[in-house]
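J.: Take a look at the following structure, please.
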Amino acid sequence: MFRCLYMTLLVCPDAVKYIINHADVQAVFCVPSTLNVLLSLLSEISSVRIIMVVGGIDGHLPSLPATSGVQLISYSKLISLGHSN
């Protein structure tokens, strides 16, 4: 399933938007190469609250406006937070 959504994001972002909206997805995992496509959809996928970038480096992730309501975090940061709690 993850591979399918990954390829769909590259080929047909509208399909990913449809899936996210109809499944009321709140958390999305992506890779750095698909992050910009996903970010371009943010205003149309209002259920998303957190995007975890697998292979991303925190210092290289773009900052999102606080008004977006979306937290952008690297997967390694997520793991680190889990270990500290």
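Quick note on numbering: the sequence shown equals residues 20 to 104 in the numbering used here.
Backbone N, C-alpha and C fix where the C-beta goes; we use that ideal spot for every residue, glycine too.
Given L57, which residues of its chain have a CB within under 6 Å of its CB, disregarding the five upstream and five downstream residues?
T.: Within the sequence shown, residue 57 is the residue found at index 38, counting from 1. Cβ within range, chain order: C49.
J.: Quick one, which of S87, M71, S82 and S66 has its alpha-carbon nearest D43's?
T.: One-based indexing of the sequence shown puts residue 43 at position 24. Taking only the C-alpha atoms, the option nearest D43 is S66.
J.: Keeping to the same chain, check which residues put their C-beta closer than 7 Å to that of G88; ignore five residues upstream and five downstream.
T.: Residue numbering aside, residue 88 sits at position 69 when the sequence shown is read from its first letter. Taken in chain order, the residues that qualify are R68.
J.: Starting from the Cα of G78, find the closest Cα among T86, I64, E63 and Y94 and give me that residue.
T.: Counting from one through the sequence shown, the residue named residue 78 turns up at place 59. The candidate whose alpha carbon is nearest that of G78 is Y94.
J.: Taking buried to mean at least 16 other C-beta atoms within 10 Å of its own C-beta, is G75 buried or exposed?
T.: Mapped onto the sequence shown, residue 75 falls at position 56. Buried, by the Cβ-count rule.
J.: In angstroms with no decimal places, state the Cα-to-Cα distance between I39 and S99.
T.: The residue you call residue 39 lines up with position 20 of the sequence shown. The residue you call residue 99 lines up with position 80 of the sequence shown. For I39 and S99, the distance between alpha carbons rounds to 27 Å.
J.: I need the straight-line Cα distance from G101 to V72, nearest angstrom please.
T.: Here residue 101 refers to the residue found at position 82 of the sequence shown. Here residue 72 refers to the residue found at position 53 of the sequence shown. One C-alpha to the other measures close to 16 Å.
J.: Mind checking which residues open and close the alpha helix (DSSP H) that includes A46?
T.: In the sequence shown, residue 46 corresponds to position 27, counting from 1. Careful: A46 lies outside any alpha helix (DSSP H), inside the beta strand (DSSP E) at A46 to C49.
J.: In terms of DSSP beta bridges, what is V73 paired with?
T.: The residue you call residue 73 lines up with position 54 of the sequence shown. DSSP output for V73 lists no bridge partner at all.
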